Every structure is written in structure tokens, then in C-alpha cells.
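**Q** I'd like to ask some things about the structure below.
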Amino acid sequence: MRTILITGATDGLGRELARRLAADDRVIVHGRDPERVRQARAEAGGTTEGVLADLADLRQVDRLADEVLDRFDRIDVLVNNAGVGGGPPGSGREESRDGLELRFAVNYLAGYHLTRRLIPLLVKSAPSRVVNVASAGQQAIDFADPMLTRGYGRQRAYSQSKLAQIMFTFDLAEELAGQGVTVNALHPATYMDTTMVREAGAPVMSTVEEGVAATLRLIDGLDGVSGRYFNGQRESRADAQAYDRAERKRLRELSDDLVRRALG
Numbered sequence: 001m002r003t004i005l006i007t008g009a010t011d012g013l014g015r016e017l018a019r020r021l022a023a024d025d026r027v028i029v030h031g032r033d034p035e036r037v038r039q040a041r042a043e044a045g046g047t048t049e050g051v052l053a054d055l056a057d058l059r060q061v062d063r064l065a066d067e068v069l070d071r072f073d074r075i076d077v078l079v080n081n082a083g084v085g086g087g088p089p090g091s092g093r094e095e096s097r098d099g100l101e102l103r104f105a106v107n108y109l110a111g112y113h114l115t116r117r118l119i120p121l122l123v124k125s126a127p128s129r130v131v132n133v134a135s136a137g138q139q140a141i142d143f144a145d146p147m148l149t150r151g152y153g154r155q156r157a158y159s160q161s162k163l164a165q166i167m168f169t170f171d172l173a174e175e176l177a178g179q180g181v182t183v184n185a186l187h188p189a190t191y192m193d194t195t196m197v198r199e200a201g202a203p204v205m206s207t208v209e210e211g212v213a214a215t216l217r218l219i220d221g222l223d224g225v226s227g228r229y230f231n232g233q234r235e236s237r238a239d240a241q242a243y244d245r246a247e248r249k250r251l252r253e254l255s256d257d258l259v260r261r262a263l264g
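According to my numbering, the sequence shown is numbered sequentially starting from 1.
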């Protein structure tokens with residue numbers, strides 16, 4: 001039986017993934033709210049565990065990593081699914097508890113730090129997988145203003161956070177090559193019928209089931225495939241910045257610095 005950690009498993013894609021996987025695997029259901037975690041576990045049935053953390057707070061992310069390392073002797077699959085959308089039309093810039101631009105903090109940096117903390121366990125559990133749920137909406141990171149203190153736009157914030165996920169995917173795949181851990185990213189489906197999409201006022205274009213099918217393909221199939229970006233079930237090209245090793249190094253250094261500052 002595999003042990004699969006899914007962040008953001010109390011709604012949308014994450015909740016349905018937990019429901020589909022719990023029949024055959026032990027699923028660690030992550031969420032912020034204890035009652036919603038309880039409900040998601042009850043709906044999933046099967047074998048589940050619950051973990052709590054607000055990913056807008058890097059200290060809680062760090063504590064979550066400690067808890068996972070303490071409670072579980074293996075992680076076969078880590079699905080970094082949790083995220084926040086662009087927000088309602090007309091909404092402005094928001095910050096995390098660490099004073100970071102909220103989309104960058106939750107959609108990217110929390111998963112970055114959690115994954116890095118769990119690398120020793122992922123390597124120990126090999127063959128294992130990291131699946132980063134990104135987006136086709138991508139925008140290059142402006143390293144002169146990565147927190148978007150000037151010229152903020154909600155779609156820009158969301159898109160750069162998702163590109164950061166893909167850049168991390170490619171970087172980590174190279175770092176872990178030959179250690180039995182594959183790392184891939186995907187855009188599961190366009191404007192799925194989720195709370196995030198409805199809040200943004202976007203037209204629903206896909207079902208959650210379409211996104212689940214694409215994500216399960218990376219969880220269950222494609223043995224040995226690593227360092228790729230998929231649009232649905234097709235391998236695709238990400239924004240050009242993702243393929244620039246120098247830019248990925250800048251992002252890695254920025255990320256490590258932001259985490260170090262937040263954790264003191």
C-alpha cells in the first residue's frame with residue numbers, strides 16, 4: 001500500500017483525488033480546517049490520515065513537515081495541489097503571514113519548502129514521485145520585483161506563482177536524477193468546476209474528473225518519466241523561463257532566502 005500526501009485535499013481536485021486513491025492507498029489528507037479535513041476523510045473512506053497547516057504561514061509548513069516525518073515511515077507520492085486562485089474580480093494584492101505576496105507564498109513557496117523538507121523521506125521511499133499541480137497560465141518572474149509591490153495584477157500574481165512551481169519541478173528533477181524520485185508538473189484541466197474558478201468569475205470549461213484523470217496519470221503511470229510539464233494528458237512546453245538554468249538558480253536562491261528569513 002502506497003502512502004500519498006495530498007495538500008489542499010479538502011476541496012476540488014485534491015478532495016476528489018483523495019476519494020479516488022483511498023480505496024487502495026493510504027492517503028494523507030491535508031487542509032487548514034479540522035472539520036473540513038474530517039469531512040474529506042469521511043467522504044474518501046478507505047485508509048486516510050489527516051494533517052493540518054495553513055500554507056500561508058511558513059512556520060506551519062515547517063511544522064507540517066516535522067509531523068509528516070515523525071508520523072510516517074514513507075511517502076510514495078507527494079501531490080503539491082494546494083493553492084489560491086487569482087481571487088474575485090477587482091481584488092487587490094494580499095500578503096501571507098510572512099509578509100510575502102500571497103499567491104507566490106501559498107501556490108509555490110509552501111510546496112517548495114515542504115518538498116525540500118521531505119526529500120530524505122522521498123529518497124528513502126524510492127521509487128517515489130512528486131506531482132506539482134501547476135497551470136497553463138504562466139508568466140515570467142520579474143526578479144526585480146518578485147513580490148509584485150508595483151503593478152500588481154491578480155492574474156499576473158497567479159501565473160508567476162504557477163511558473164515558479166514548474167521551474168522548481170525542472171530544477172528538482174535534475175537534482176534527484178538517479179535517486180529513484182520523479183518530479184513532474186501539470187496543468188490538470190482548464191477552468192475546472194471548482195470553488196477557485198467560480199470565485200474568480202471565470203467560465204467553467206472542464207470537469208474536475210478531467211483534472212483527476214490527468215493527475216492520476218502522473219501518480220500511477222509514466223514510470224521513470226521526470227522533469228516534464230504536461231497540459232492535461234499531453235506533454236507540453238512551459239514558459240521559456242522554466243528552461244533557463246540561470247533563472248531557476250535565481251529562483252532557488254530567492255526561495256531559500258525567503259524561507260530562511262521567515263523561519264528566523
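Ideal Cβ positions, reconstructed from N, Cα and C, are used throughout, including at glycine.
The structure presented is a predicted model; accordingly, all values stated were derived computationally and were not measured.
Just mark residue 236 as buried or exposed, buried being the case when its beta carbon has 16 or more other beta carbons within 10 Å.
**A** By the 10 Å Cβ count, residue 236 comes out exposed.
**Q** With burial defined as no fewer than 16 other Cβ atoms inside 10 Å of the residue's Cβ, what is the status of residue 239: buried or exposed?
**A** The residue in question, residue 239, is buried, as its Cβ has 16 or more Cβ neighbours within 10 Å.
**Q** When we look at the beta-carbon of residue 145 and count the other beta-carbons within 10 Å, is it buried (16 or more) or exposed?
**A** Residue 145 should be labelled exposed.
**Q** From 222, 92, 214, pick the residue whose C-alpha is nearest to that of residue 133; which is it?
**A** Nearest option by C-alpha distance: 214.
**Q** To the nearest angstrom, how far is the alpha carbon of residue 152 from that of residue 9?
**A** Approximately 29 Å, taken between the alpha carbons.
**Q** For a cutoff of 9 Å on Cβ pairs, would you count residue 56 as touching chain B?
**A** Although the question refers to chain B, the structure presented lacks it and comprises just one protein chain.
**Q** By how many angstroms is the C-alpha of residue 186 removed from the C-alpha of residue 107?
**A** Approximately 14 Å, taken between the alpha carbons.
**Q** Out of 244, 158, 51, 34, point me to the one whose CA is closest to residue 94's CA.
**A** Checked all of 244, 158, 51, 34; the closest Cα to residue 94 is 158.
**Q** Identify which residue in 80, 98, 25 has its Cα closest to the Cα of residue 135.
**A** Ranking the options by Cα distance to residue 135, first place goes to 80.
**Q** Straight-line CA distance for residue 211 to residue 17?
**A** About 9 Å.
**Q** Would you mind stating whether residue 25 and residue 76 have Cβ atoms separated by less than 9 Å?
**A** It is a contact, given that the beta carbons lie within the stated cut-off.
**Q** Does the distance from the C-beta atom of residue 65 to that of residue 30 stay below 9 Å?
**A** The answer is no: Cβ separation not under 9 Å.
**Q** Would the segment 44-55 count as touching the segment 172-183 if we require 3 or more Cβ pairs under 8 Å?
**A** Contact fails: fewer than three Cβ-Cβ distances are below 8 Å.
**Q** What residues in its chain sit with their C-beta under 7 Å from that of residue 171, if we drop five residues either side in the sequence?
**A** Contacts found: 248, 252.
**Q** As a quick exercise: from 36, 128, 123, 1, pick the residue whose alpha carbon is nearest that of residue 222.
**A** Nearest option by C-alpha distance: 128.
**Q** Which of the three DSSP states is assigned to residue 94 in this structure?
**A** Three-state DSSP puts residue 94 in coil, outside helix and strand.
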